[in-house]
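Participant: The structure that follows is given in the form of structure tokens.
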Amino acid sequence: MLPSFFGILLARITRKTLRLMGKGATTLPGKLAIKVSPDVISKVAKDKTIITVTGTNGKTTTSHMISEMLTSLGYEVVNNISGANLASGIATTLICDSSKNKDAIYVLETDEAAFAKIAGSLKPAISVVTNLFRDQLDRYGELTHTRDLIAGGIDKTNATLILNSNDSLVASLGKGRESRSVFFGMDKDSMLTNMSKQNSKTVLEASSDAVYCPTCQVKYEYKSRSFSHLGDFYCPSCGFRSPLDRFSVVYNLDKSPSDEGYPFEIKDNKNNSSEKLNLVIPGTHNLYNTCASVSAVTLLLEKLTVNDSFKKACESSSKVKPAFGRMEKINIDGKKLCILLVKNPAGLDRSLSFVTEASDASSVMFLLNSNIADGKDVSWIWDVDFESKADQLPKDIYVSGERFGDMLLRVTYAGKNIPEENYGDMSKAIDLVSKALSNCEEGKCVYILPNYTSMLKLRELLVNKYNIKDFWEK
1 MLPSFFGILL ARITRKTLRL MGKGATTLPG KLAIKVSPDV ISKVAKDKTI
51 ITVTGTNGKT TTSHMISEML TSLGYEVVNN ISGANLASGI ATTLICDSSK
101 NKDAIYVLET DEAAFAKIAG SLKPAISVVT NLFRDQLDRY GELTHTRDLI
151 AGGIDKTNAT LILNSNDSLV ASLGKGRESR SVFFGMDKDS MLTNMSKQNS
201 KTVLEASSDA VYCPTCQVKY EYKSRSFSHL GDFYCPSCGF RSPLDRFSVV
251 YNLDKSPSDE GYPFEIKDNK NNSSEKLNLV IPGTHNLYNT CASVSAVTLL
301 LEKLTVNDSF KKACESSSKV KPAFGRMEKI NIDGKKLCIL LVKNPAGLDR
351 SLSFVTEASD ASSVMFLLNS NIADGKDVSW IWDVDFESKA DQLPKDIYVS
401 GERFGDMLLR VTYAGKNIPE ENYGDMSKAI DLVSKALSNC EEGKCVYILP
451 NYTSMLKLRE LLVNKYNIKD FWEK
């Protein structure tokens, strides 16, 4: 093992070389640095103020929101904007994007399994856990295993924990760590009212992602739910229940979270204060991401002894714009593309619901790959309720990606007819994008739902075709 200096030097040389070649260089520099100097992350993370964000869905959006909020408040922020969230990507960020400003704040999106390995080296001040849904079972295994991985990482740190109270597995991370756990979620009375607004006399069945209490294996019961298995849960055996929130979102029942600028309220229950906000990135799931981000920024400002921390955090949330591939809208000749990353049943279900409610939807395109970063098993698409949403989807539907046949079959079984000109070759997917845009009315939007590697390929195609900036370009 060589001293960390050699790993740092190698990473910086590699990054500069790759950038000259027009590459993003988000992982290879860090990968080489770790290979040469395995302790390089702990060396470069020392004495830095770090916020980590982990969980299944919402990592990129939440870390991006925290970064933009802190930037608007005048702080220098370093983050792994590309979403390269394994040890190699985080090492690249810490080495190649490191600031000389000792007061800079590092906001690092962190893969769940990677978090278990590197949390002790990062020593974050704050760790956010967004949620846990079934995702890449061939890599992570069952959710209880993922939860245990995160717990192992947490116990290597003294971080203040920001936990989703509506997710039973995430909330359980607060057990035994009560003194440093802060919870966020939907206001429970508001959530119950929201269910009533939908004329639901009973609470809908939770998804199979987190059915049983991990302590006593008894099935959870719910007083109310927001979506999937998120809600006001309780175990009728041991009494474990959705914890009381410090930070909570109050629904606005007169509007839909799918509308741009959706007005809602967020509360700081500890200080009995509240602020009215507008949702800058649409979608019910982004109410959670916004609440998590406000929670993290508030707690950091409190650690820095800033007055009116909650108010300033809320105000700064209005400055946020969508992250790469997450409700990101791209203007092309008076028309729009909107990219919604989908990588598991919960994410695709949320995105389908969003598209069915979007007033500007001209067409929808599904892109499905099955590379290692996606998960080789794509059978999860059959766990998504296409059928109840099929009639509300736009008439024009396109399918591409390496596994386009699987997605084509799934959409066909849901009762939708798909044009024949669909491509398994991702390099030709841009032809479908062009066709969708040509058929799109001005002011309308083509919604594209890719999984991870198909999203990266799509971005490359869009950069070349329409000369838009790549994600790493300022």
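Residue numbers for the sequence shown follow this note's numbering, so the first one is 1 and each next one is one higher.
Here a beta-carbon is modelled for each residue, glycine too, at the ideal position from N, C-alpha and C.
All of these numbers come straight from a predicted model, not from anything done at the bench.
Any contact between the region 431 to 440 and the region 357 to 371? By contact I mean 3 or more CB pairs, one from each, below 8 angstroms.
Facilitator: yes
Participant: For T290 and A373, which I take to be in contact (beta-carbon distance under 8 angstroms), what is that distance rounded to the nearest angstrom?
Facilitator: Not a contact, Cβ separation roughly 27 angstroms.
Participant: So, helix, strand or coil for Y262, using DSSP?
Facilitator: strand
Participant: Suppose only complete runs of 4+ residues qualify. What are the alpha helix (DSSP H) ranges in the region 272 to 311, listed by chain order?
Facilitator: Counting whole runs of 4 or more residues, the region 272 to 311 contains the alpha helix (DSSP H) stretches 284 to 303.
Participant: So what does I50 bridge to, in DSSP terms?
Facilitator: Y106
Participant: What is the C-beta distance between K35 and S4, in whole angstroms, given that I count them as a contact (C-beta under 8 angstroms)?
Facilitator: In fact, because the Cβ distance is near 12 angstroms, the residues do not count as touching under 8 angstroms.
Participant: Taking its Cβ as the centre, do 16 or more other Cβ atoms sit within 10 Å of Y413, making it buried, or is it exposed?
Facilitator: exposed
Participant: By how many angstroms is the C-alpha of V355 removed from the C-alpha of K329?
Facilitator: 13 angstroms
Participant: When DSSP builds the beta bridges, which residues end up paired with S454?
Facilitator: Per DSSP, none; premise fails for S454.
Participant: Could you give the DSSP three-state label for Y140: helix, strand or coil?
Facilitator: Low confidence applies here, because Y140 scores a pLDDT of 48, under 50, leaving its location unreliable; read the following figure in that light. Correct three-state label for Y140: helix.
Participant: Three Cβ pairs or more, each shorter than 8 angstroms: is that satisfied between the region 272 to 288 and the region 24 to 40?
Facilitator: no
Participant: Return the residue from the list V182, S168 and T298 that minimises the CA-CA distance to L161.
Facilitator: V182
Participant: Pull up the distance between the alpha-carbon of C213 and that of E460, whole angstroms please.
Facilitator: Take the alpha-carbon of C213 and the one of E460: they are about 43 angstroms apart.
Participant: Should the region 118 to 134 be called in touch with the region 46 to 56, which here means at least 3 C-beta pairs below 8 angstroms?
Facilitator: yes
Participant: For R177, which option in F264, S190, G185 and T157 has the closest C-alpha, if you only look at C-alpha atoms?
Facilitator: Considering only F264, S190, G185 and T157, the residue with the shortest C-alpha distance to R177 is T157.
Participant: In angstroms with no decimal places, state the Cα-to-Cα distance between L462 and I430.
Facilitator: Cα-Cα distance, rounded: 7 angstroms.
Participant: Run the CB neighbour count on K201, radius 10 Å, all protein chains shown included, and call it buried at 16 or more, exposed below.
Facilitator: In this prediction, K201 has a pLDDT of 43, which is less than 50 and means its spatial position is unreliable; what the coordinates show is noted afterwards. So K201 ends up on the exposed side.
Participant: Thinking C-alpha only, which one of S179, S63, R225 and N331 is nearest V129?
Facilitator: S63
Participant: On the three-state DSSP scale, how would you describe R12?
Facilitator: helix
Participant: Could you tell me which of I154, T215 and V249 sits nearest to L192, measuring between CA atoms?
Facilitator: V249
Participant: Please go through the same chain and pick out, in chain order, the residues whose beta-carbon is closer than 6 angstroms to the beta-carbon of S256, but skip the five residues on each side of it.
Facilitator: E357
Participant: Sorted by chain position, which residues of the same chain lie with C-beta nearer than 7 angstroms to R139's C-beta, five sequence neighbours on each side aside?
Facilitator: Confidence at R139 is low in this model, with a pLDDT of 48, below 50, so the placement of that residue should be treated as unreliable; the coordinate-derived value is given next. Counting only Cβ-Cβ distances below 7 angstroms, and skipping sequence neighbours, we find G375.
Participant: Confirm, please, whether the CB-CB distance from G152 to A116 is below 7 angstroms.
Facilitator: yes
Participant: When you compare each of A292, D254 and D148 to K267 by their alpha carbons, which one comes out closest?
Facilitator: A292
Participant: Note down, in chain order, each residue of its chain lying with its Cβ closer than 8 angstroms to the Cβ of I154, except the 5 sequence neighbours on either side.
Facilitator: Taken in chain order, the residues that qualify are A119, S127, L161, L173 and R177.
Participant: Alpha carbon to alpha carbon, how far is L367 from K59?
Facilitator: 21 angstroms
Participant: Can you tell which of S388, P236 and P394 has the C-alpha that lies nearest to the C-alpha of S359?
Facilitator: P394
Participant: Give me the Cβ distance between N252 and P263, rounded to the nearest whole Å; I'm assuming they're in contact under 8 angstroms.
Facilitator: 5 angstroms
Participant: With distance defined between alpha-carbon atoms, name the residue in C338, I418, D391 and F386 nearest to V399.
Facilitator: Nearest C-alpha to V399 among C338, I418, D391 and F386: I418.
Participant: Please work out which residues of its chain come closer than 8 angstroms, Cβ to Cβ, to A114, disregarding the five sequence neighbours upstream and downstream, and give them in chain order.
Facilitator: N85, L86, A87 and I90
Participant: Starting from the Cα of N464, find the closest Cα among K428, I448 and A436 and give me that residue.
Facilitator: Comparing Cα positions, the closest option is K428.
Participant: Return the chain-ordered list of same chain residues with a C-beta closer than 7 angstroms to the C-beta of C475, the five sequence neighbours on each side being excluded.
Facilitator: Outside the displayed span of the chain (1 to 474) sits residue 475, for which this structure offers no information.
Participant: Which full runs of the beta strand (DSSP E) of 3+ residues lie inside the region 209 to 248, going along the chain?
Facilitator: 221 to 227 and 230 to 234
Participant: Hey, how far is the Cα of T305 from the Cα of K312?
Facilitator: For T305 and K312, the distance between alpha carbons rounds to 13 angstroms.
Participant: Roughly how many angstroms lie between the CA atoms of P243 and L18, to the nearest whole one?
Facilitator: P243 and L18: Cα-Cα distance of roughly 47 angstroms.
Participant: By Cβ distance below 7 angstroms, which residues in the same chain neighbour I332 in space, the five residues on each side in sequence not counted?
Facilitator: These residues qualify, in order along the chain: L437 and Y466.
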